[in-house]
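In this text, residue positions in the sequence shown follow the numbering used here: the first is 26, and each later residue adds one. Where is the CB? At the ideal position from N, CA and C, for every residue including glycine.
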Amino acid sequence: MYCKNCGNELKENASVCLNCGVSRGVGKKFCENCGYAVENENASVCTNCGASLASKATINFGQGENKSRLIAGLLGILLGGLGIHNFYLGYVGKGIAQIILSFCCGVGWIWGLIEGILILCGNINEDASGKPLDK
Numbered sequence: 026m027y028c029k030n031c032g033n034e035l036k037e038n039a040s041v042c043l044n045c046g047v048s049r050g051v052g053k054k055f056c057e058n059c060g061y062a063v064e065n066e067n068a069s070v071c072t073n074c075g076a077s078l079a080s081k082a083t084i085n086f087g088q089g090e091n092k093s094r095l096i097a098g099l100l101g102i103l104l105g106g107l108g109i110h111n112f113y114l115g116y117v118g119k120g121i122a123q124i125i126l127s128f129c130c131g132v133g134w135i136w137g138l139i140e141g142i143l144i145l146c147g148n149i150n151e152d153a154s155g156k157p158l159d160k
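This is the structure in structure tokens:
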């Protein structure tokens, strides 16, 4: 993989080019497949290797903007037994535990309701990655 902005070779798991600091997949100057300089920004394929130059859509779980306190709280109150609010905040293990408890004992619903209220009151104020919740 190569940086589409500067042509520098990227490590397989890199999300940012260490040479120019641009996010992976951003830019139109170089082919992402072979690193060859793209002469025409409007070209749809690389003239060197034939790879598509179209931008690939990426999904960034938990890397974008801060999560909403209101959404997390409402998910906790309305769908808390399914752990949806925990999945939204990035607490996957906790969400799975809530699902299991809800179907086995029924207490996951109460847990979710309480957590939803705590989120809305501000007692739970960050997601799994430590980012603060937006108002």
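Closest Cα partner of residue i within the set the options
i	options	result
Y116	I135, E151, G147, E90	E151
C146	Y27, L107, I135, G101	G101
A76	G105, M26, F112	M26
L143	G60, L35, G105	G105
W134	Y61, L35, I109, I149	I109
A79	K29, W136, G141	K29
P157	E90, C59, Q123	E90
L103	S48, L35, I139, C130	I139
For residue j and residue i, the rounded distance between their alpha carbons
i	j	result
F128	K92	27 Å
L43	I121	36 Å
V132	F112	18 Å
A82	A153	Unreliable placement is indicated for A82, whose pLDDT of 41 sits below 50; no coordinate value is reported for it.
G50	V63	14 Å
Residue i: CB within 8 Å of a non-hydrogen atom of the ligand NAP
i	result
C129	With respect to small molecules bound, the structure shown includes none, and the ligand NAP cannot be examined in it.
Closer than 9 Å to chain B by CB, residue i
i	result
L126	As a matter of chain content, chain B is missing from the structure shown, which is built from one protein chain.
Integer-rounded CB distance, given that residue j should sit under 8 Å from residue i
i	j	result
K53	E66	5 Å
N58	C74	5 Å
L107	I124	6 Å
- Are the segment 90-98 and the segment 66-74 touching by the rule of at least three beta carbon pairs closer than 8 Å? no
- Message: List, from N- to C-terminal side, the alpha helix (DSSP H) runs of 4 residues or more that fit wholly inside the segment 117-150.
- Response: 117-129, 133-146
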